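Just so you know, we're using our numbering here: the sequence shown kicks off at 55 and counts up by one. All residues carry an ideal CB built from backbone N, CA and C; glycine is no exception. Quick caveat, the model's predicted, so the values are computed rather than measured. So the structure is just underneath, and the comments pick up after that.
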Amino acid sequence: MRNLAKRRRGTVLPLLAVSLVGACGFVALAVDVGMVAVAKNECQNAADAAALAGVRSIDGSANPNLEGATSNARRAAQSNRILGQQAVWGNVNVTHGAFHYDTSTEIFTPQFPPVAPDTYNLTRTQVTRRSATGFARMLGMSQFDVTATAMAAHRPRDVSILLDFSGSMNNESDLWNNEGYLGSANNSPNNTDPIAPKFGQYWSGGYNNVVCTSTDPRVGKCNVTQSVLGVPALVDGFYRSNRGAATPLRAFTSEPYTGPENYATTNPGDRFMKKSGTSTTPDTPARTVQEVTGATNAQVTAKTDAAMPSYVNFQGYTKGPGYWGKTFFIWPPDPASTNDWRQKFFGTTNNTKLWDSSGNWRTPSGNYTINYAAILDWIKNSGDNPFPTQLRAGRILYYDAIPTDVPASAYDHTKANSLITDPNQRFWKEYIDFTIGVWRDPFGNIQAPGSPSCSYGPDFASGTVKITAPVTGYGSVPTTRMRPQDNPKRPRHRLWFGPMTMIQFMLDTKLLPGNATDISMYPAKLGIAGALQDIRNNHPNDLVSIGLFCRPQYSGDPAGAGAFSNVLYSLSREYDEMIDSLWFPPNSGTNDVRPWDANGLLVPRAYGDYASNTATSYGFMLAYNQLSGSTTLKTKSAGGLGRKGTQRLVILETDGMANVDSNPATSFYNAGAGKSHYRIMPGDSVSSGGYSEQNLMKVVQAICNKANGTAANVNGYSPNPGYPGFATARKPVIIHTIAFGAIFESTASGTDQTNAISLLQKISKVGGTTFPGSAGDANNGYKWCIGNMEQRKSKLRTAFSAVMDDGVSVILIE
């Protein structure tokens with residue numbers, strides 16, 4: 055037994071030794087496996103950091119600095135220690151590509167390298183680490199390799215930018231103020247150019263009727279003839295030379311003489327007659343025939359205008375200073391029938407046909423006929439012609455000849471101007487009507503001076519206003535004479551034919567070129583152009599749509615009564631083209647457009663004030679269709695390019711004065727989540743209606759709804775239209791509102807600002823953001839783009855950049 059026990063002890067000891075060796079091996083393996091796991095985790099961290107750093111270094115330019123992005127990725131990897139040591143530079147592999155969206159599968163997939171129109175917006179990294187083992191080398195394992203990969207991309211977003219191009223966006227450039235938010239400054243001169251006539255009706259206080267002398271910061275911003283607040287004069291943007299001329303020639307020049315406002319040393323045309331019994335100075339002109347003849351009230355019947363002498367050396371025009379041009383208006387008119395401007399240009403010497411009993415200018419129909427041929431001949435041949443033989447600006451050819459007449463049918467003032475097929479004749483006919491003060495808008499309404507739609511100021515009284523029926527039977531020729539006490543209201547800019555009224559004509563009738571330096575559109579466009587550059591550089595995986603809104607061309611509207619029924623650019627990355635589209639009409643790269651052709655009607659400019667023209671709800675309908683993936687929209691080039699799985703962002707820039715509703719005849723086409731659309735495509739019937747905030751908010755809510763048509767958050771607006779929207783649990787739709795323009799200045803009066811703030815706050819609330827109650831708000835005050843012109847431009851660009859940078863800009867996708 056004792057020997058057997060010895061033998062057993064001899065067997066166990068070797069087995070124990072072997073077991074201990076195996077146990078130690080397992081312990082060593084466990085330690086090294088743990089080390090591998092740590093290395094793997096740290097390696098992954100390095101790969102993630104490298105991918106994020108690399109993609110952040112990629113901008114959206116045509117030639118991004120990929121070498122720099124690669125270096126930044128590798129440095130980021132090395133800043134993450136792996137088992138206490140830096141990653142080896144050569145063991146960090148970096149590849150750049152695009153997060154490509156396949157429209158057929160509606161899935162994002164990596165693509166190396168990008169294929170147009172994709173840009174570089176993705177970085178893939180692979181980090182490898184080779185380390186020596188600890189205990190495992192006892193088992194023959196001297197080292198191990200760990201590899202980790204990561205991909206990061208700029209987050210894909212579909213962005214719809216809505217820009218307010220309604221008429222109120224350029225009112226600050228007008229010669230005359232006609233906006234309620236100006237309070238006491240409303241209906242006062244806005245022009246601070248001191249060059250203005252001081253003769254005739256302007257001799258005593260009348261000068262102050264055309265030049266702003268107020269120190270109110272809300273007024274004096276008209277830049278028709280001079281630079282204001284750093285914005286160049288509008289008059290300097292027009293040319294008489296052919297397109298592409300080596301040395302472009304400006305269309306308009308200022309009269310070079312000094313002091314002619316008083317007729318002190320020169321006689322540019324006809325002098326106004328002096329008051330009887332006064333000195334020869336022209337500064338005290340006669341206001342009536344009675345004052346010319348010196349008749350007492352008792353002698354008036356005897357001393358009719360037959361006793362009034364003719365003007366000495368009558369020339370038929372009066373030349374104005376600076377950019378005023380010339381006028382045929384003179385009061386009292388010359389008694390000679392061939393010199394009487396009333397007869398020559400309007401076919402009557404009956405004052406009651408030209409003015410009502412209060413001295414206000416009448417409209418033509420039933421009263422007088424405008425002799426367009428005579429006025430055109432007078433413009434060209436009586437004294438200096440203030441207009442060039444051709445006029446162009448911003449790739450628009452306004453006219454290439456001053457016609458001799460207009461069509462015979464156009465002498466009927468009730469006929470629509472759109473019936474005139476010759477663009478030269480139409481331009482001049484409409485300009486003449488505007489300058490007379492009887493321009494007929496596309497809806498057939500006559501727009502008179504002293505209104506937002508004819509902003510060169512109403513006529514004013516010079517002495518006692520009186521208009522009476524003519525008398526007969528004095529045995530002279532003509533036998534019908536005007537009353538010696540007749541004294542109509544005097545025109546401010548009415549009947550002055552020159553650069554000032556021509557540019558105001560373009561301002562009020564939506565004919566300005568898109569690159570015009572009007573306040574506030576010009577600084578707004580500069581700010582937006584800068585913002586688009588920022589988006590291209592910093593957000594290369596975004597698709598952007600640019601939509602202008604004012605009043606669309608509603609079904610049944612007369613020709614040219616609306617604009618921007620579709621967006622300028624659907625979702626894309628065509629930033630150069632988008633920026634160009636802010637300034638120039640479509641399809642004008644090589645050839646000028648004419649004012650009323652298909653492309654001319656789409657010039658990017660503020661709409662005219664002659665109609666309710668801020669259809670904000672239509673702008674949001676355009677945005678909905680842009681964010682949708684509807685194939686129907688694609689076939690009509692009306693949107694449908696929205697990408698499944700993207701963040702949807704809408705940015706509204708506006709002065710907040712919504713005032714017209716848009717009603718599609720068949721409203722909404724519900725094809726389910728991501729495939730629905732508003733029926734506002736070409737060929738669809740859309741009518742206008744009285745403004746309804748509720749209808750506007752329904753469209754906003756529809757964009758922000760979930761796919762099942764319910765509100766995505768507690769900010770939902772009631773009533774909810776129930777239309778499928780674009781929000782998901784992880785990606786709600788975001789809407790930011792940005793305020794721009796005079797209505798938001800601290801000096802604005804009335805309820806317009808209050809109503810505008812309220813509307814923008816409601817829109818923002820549904821879109822999950824905040825619009826502040828004032829520019830002083832610490833967090834969101836940047837959304838108030840106010841101040842001088844340079845400040846507005848800078849603030850608008852800053853606001854867009856802040857909105858675009860809100861949230862996470864890059865994401866790990868692997």
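Checklist entry - Excluding sequence positions up to five away, which residues of its chain have a Cβ less than 8 Å from the Cβ of Ala712? => result Thr668, Ala669, Thr670, Ser671, Tyr745, Glu747, Leu750, Leu813
Item to check | Cβ-Cβ separation, Ala100 to Ala123 (assumed contact under 8 Å), whole Å | outcome: Not confirmed; about 16 Å, so no contact.
Item to check | Rounded Cβ spacing between His547 and Leu229 (contact assumed at less than 8 Å) | outcome: 6 Å
Checklist entry - To which residues does DSSP link Ile136 through a beta bridge? => result Gln139
Checklist entry - Which two residues bound the contiguous beta strand (DSSP E) that contains Val740? => result 740-744
Item to check | Runs of alpha helix (DSSP H) wholly within the segment 675-757 (minimum 4 residues, chain order) | outcome: 685-689
Next on the checklist: Looking at the ligand FMN, does it come within less than 7 Å of Thr372, judged from the CB to the closest heavy atom?
Outcome noted: Ligands are entirely absent from the displayed structure, and the ligand FMN is therefore not among its contents.
Item to check | Arg449, enclosing alpha helix (DSSP H) - first and last residue | outcome: Premise fails: Arg449 is in no alpha helix (DSSP H) and is neither H nor E.
Item to check | Supposed close pair Phe488, Trp432 - CB separation, criterion 8 Å | outcome: So it is not a contact: roughly 17 Å between Cβ atoms.
Checklist entry - What did DSSP end up calling Ile424 once you bin it into helix, strand or coil? => result coil
Next on the checklist: What does DSSP give as the partner residue(s) for Asp212 in the beta ladder?
Outcome noted: Leu597, Arg702
Item to check | Neighbourhood of Gly379 by C-beta, 6 Å cutoff - its chain only, sequence neighbours within 5 removed | outcome: Pro440, Trp550, Phe551, Gly552
Item to check | Neighbourhood of Ala447 by C-beta, 6 Å cutoff - its chain only, sequence neighbours within 5 removed | outcome: Gly291, Phe292, Pro567
Next on the checklist: Suppose the cutoff is 8 Å on Cβ atoms and the five residues either side in sequence are ignored; what does the same chain contact list for Cys604 look like?
Outcome noted: Asp218, Phe219, Ser220, Gly221, Gly616, Ala617, Phe618, Ala660, Tyr661, Asn667, Thr668, Ala669
Next on the checklist: Just verifying my parser: in three-state terms, what is the DSSP assignment at Glu484?
Outcome noted: helix
Item to check | Touching by the beta-carbon criterion (3+ pairs, under 8 Å), the segment 418-432 and the segment 450-465 | outcome: yes
Next on the checklist: Need the endpoints of the beta strand (DSSP E) that Ala152 sits in, please.
Outcome noted: 146-156
Checklist entry - Quick one: what does DSSP say Ala91 is sitting in, helix, strand or coil? => result helix
Checklist entry - In chain order, what residues of the same chain have a beta carbon less than 6 Å from the beta carbon of Arg537, not counting five sequence neighbours either side? => result Thr522
Checklist entry - Nearest-angstrom Cα distance between Tyr664 and Thr279? => result 24 Å
Next on the checklist: Please give the ranges of any beta strand (DSSP E) in the segment 557-627, keeping only runs that are unbroken, at least 3 residues long and fully inside the region.
Outcome noted: 596-603, 623-626
Checklist entry - Below 8 Å, can you find three or more Cβ-Cβ pairs linking the segment 581-596 to the segment 297-310? => result no
Next on the checklist: Which residue marks the beginning of the alpha helix (DSSP H) containing Lys815, and which one marks its end?
Outcome noted: Lys is not the amino acid found at residue 815; the sequence shown has Gln there. Taken as a continuous stretch (DSSP letters only), the alpha helix (DSSP H) holding Gln815 covers 806-820.
Item to check | Proximal residues to Thr685 (C-beta, below 8 Å), its chain only, five neighbours per side dropped | outcome: Gly694, Lys729
Next on the checklist: So, with DSSP's three-state summary, where would you put Phe794?
Outcome noted: strand
Checklist entry - Which residues in the same chain as Arg396 place their Cβ atom closer than 7 Å to its Cβ, once the five residues preceding and following it in sequence are excluded? => result Pro387, Thr402, Thr403, Leu408
Next on the checklist: Taking its Cβ as the centre, do 16 or more other Cβ atoms sit within 10 Å of Arg184, making it buried, or is it exposed?
Outcome noted: exposed
Item to check | Integer Cβ distance of Pro322 from Gly254, believed to fall under 8 Å | outcome: Wrong, their Cβ atoms sit about 12 Å apart, outside the cutoff.
Next on the checklist: Rounding to the nearest angstrom, what Cα-Cα distance links Ser258 and Val460 in this structure?
Outcome noted: 38 Å
Item to check | Beta-carbon gap between Arg480 and Pro639 smaller than 8 Å | outcome: no
Checklist entry - Can you tell which of Asn241, Pro286, Tyr629, Lys690 has its C-alpha closest to the C-alpha of Val265? => result Asn241
Item to check | DSSP beta-bridge partners of Ile500 | outcome: Arg494
Checklist entry - For the putative contact between Gly491 and Trp385, defined by C-beta atoms under 8 Å, what is the C-beta separation to the nearest angstrom? => result Contact doesn't hold; Cβ gap of about 16 Å is too wide.
Next on the checklist: Do Lys847 and Pro577 count as a contact pair if the criterion is CB distance below 8 Å?
Outcome noted: yes
Checklist entry - Are the beta-carbon atoms belonging to His790 and Gly770 less than 8 Å from one another? => result no
Checklist entry - From what residue to what residue does the beta strand (DSSP E) around Gln369 run? => result Careful: Gln369 lies outside any beta strand (DSSP E) and carries neither H nor E.
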